[in-house]
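Protein chains: 2
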Amino acid sequence: MAATTEIHVTFDCVNVDAQAAFWAQALGYVPHGAAGQYRSLVPPPGLTGPKFVLQQTGEPKPAGKNRFHLDLVVGDHLDAEVSRLIGLGATRLTPGTIDEAGTSWVVMADPEGNEFCLVVR
Amino acid sequence: MAATTEIHVTFDCVNVDAQAAFWAQALGYVPHGAAGQYRSLVPPPGLTGPKFVLQQTGEPKPAGKNRFHLDLVVGDHLDAEVSRLIGLGATRLTPGTIDEAGTSWVVMADPEGNEFCLVVR
Chain U
1 MAATTEIHVT FDCVNVDAQA AFWAQALGYV PHGAAGQYRS LVPPPGLTGP
51 KFVLQQTGEP KPAGKNRFHL DLVVGDHLDA EVSRLIGLGA TRLTPGTIDE
101 AGTSWVVMAD PEGNEFCLVV R
Chain C
122 MAATTEIHVT FDCVNVDAQA AFWAQALGYV PHGAAGQYRS LVPPPGLTGP
172 KFVLQQTGEP KPAGKNRFHL DLVVGDHLDA EVSRLIGLGA TRLTPGTIDE
222 AGTSWVVMAD PEGNEFCLVV R
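Structure, rendered in structure tokens:
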């Protein structure tokens with residue numbers, strides 16, 4: 001399989017419409033399709049990024065950290081992004097920034113508790 | 122945050138080097154960096170796709186399905202890809218294909234049990 005193969009990121013959701021709305025605003029993505037329990041989001045025309053697929057499973061996130069998370073690379077406006085995402089329904093999980101391996105990040109969670117990081121390069 | 126923001130996909134691993142080797146071959150990605158418990162993989166020059174970050178945490182995958190998984194879109198060579206990935210250390214979790222919402226897929230797991238799907242559009 002070559003790297004040109006499309007890679008989609010797929011989340012299980014309790015409330016697929018609420019999660020699709022959150023992630024669209026968080027990423028600047030646009031709704032692409034809806035079928036049954038599925039919703040998909042893609043970058044707006046002219047921009048690139050993996051397609052997001054959200055599926056309603058009804059099961060809440062299990063206890064403990066997800067095995068798998070996303071890092072969203074932000075520029076020098078980390079505090080503004082933290083505030084913006086909290087305004088959309090995210091939660092900040094680390095009070096300060098974590099500095100390691102030449103980068104700094106803040107751990108956040110989406111409205112259903114899925115961890116993600118905002119990373120300053 | 123605009124969709125031009127980079128999105129990285131990050132996995133927790135028991136054996137970060139083995140997982141990095143598996144995912145590089147699975148995706149056709151190339152090693153990009155290694156620092157402490159981290160390894161990163163990127164598409165080869167000229168191709169696009171999200172950066173992969175693998176981190177050694179030492180904790181095995183919790184019981185149950187991951188909340189979050191990847192779909193890898195393959196062309197019309199699904200059986201060949203299933204066989205190739207099994208040869209790299211993956212496991213096939215569904216004996217047949219699942220057909221739903223206009224697509225077909227096979228559920229697989231990587232060497233540490235993380236589910237992913239091979240999807241025929």
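In order, the protein sequences belong to chains U and C. FYI, the numbering for the first sequence is 1 to 121, going by my numbering. FYI, the numbering for the second sequence is 122 to 242, going by my numbering. Cβ atoms here follow ideal geometry from the backbone N, Cα and C, with glycine treated the same way. Note that the structure is a prediction, hence the values are computed from the model and not measured.
Go through its chain and collect everything with a Cβ distance to residue i's Cβ below 8 Å, but skip five positions before and after it.
i	result
U:H147	What the structure shows of chain U is the stretch from 1 to 121, and residue 147 of chain U is not part of that stretch, so it cannot be assessed.
C:D197	V241
C:V137	Q158, Y159, R160, L175, Q176, Q177
C:L199	T218, S225, V227, L239, V241
U:V74	E81, L118, V119, V120
U:L85	A26, M108, L118
Looking at the ligand COA, does it come within less than 7 Å of residue i, judged from the CB to the closest heavy atom?
i	result
C:A201	Absence of the ligand COA from the depicted structure is noted, as is the absence of any ligand whatsoever, leaving it without description.
Looking at the secondary structure, which residues open and close the beta strand (DSSP E) in which residue i lies?
i	result
C:E236	236 to 241
Where does residue i fall in DSSP's three states?
i	result
C:T131	strand
U:P111	coil
C:T126	coil
Kindly list, in the order they appear in chain A, the residues whose Cβ is closer than 7 Å to that of residue i.
i	result
U:T48	Absent from the structure is chain A; the protein chains it does hold are U and C.
Less than 6 Å between C-beta atoms, sequence neighbours within five positions excluded: which residues of the same chain meet that for residue i?
i	result
U:Q25	L88
C:F237	H190, L191, M229
CB-CB under 7 Å to residue i, same chain, minus the five flanking residues each way: which ones, in chain order?
i	result
C:I128	P171
C:E233	C134, V135, Q140, K182
C:G179	V135
task: For the segment 195 to 229 of chain C, list the alpha helix (DSSP H) runs that are entirely contained and at least 4 residues long, ordered along the chain.
output: 199 to 209
- request: Can you check the segment 133 to 203 of chain C for any alpha helix (DSSP H) of at least 4 residues that lies completely inside it and give the ranges in chain order?
  value: 137 to 148
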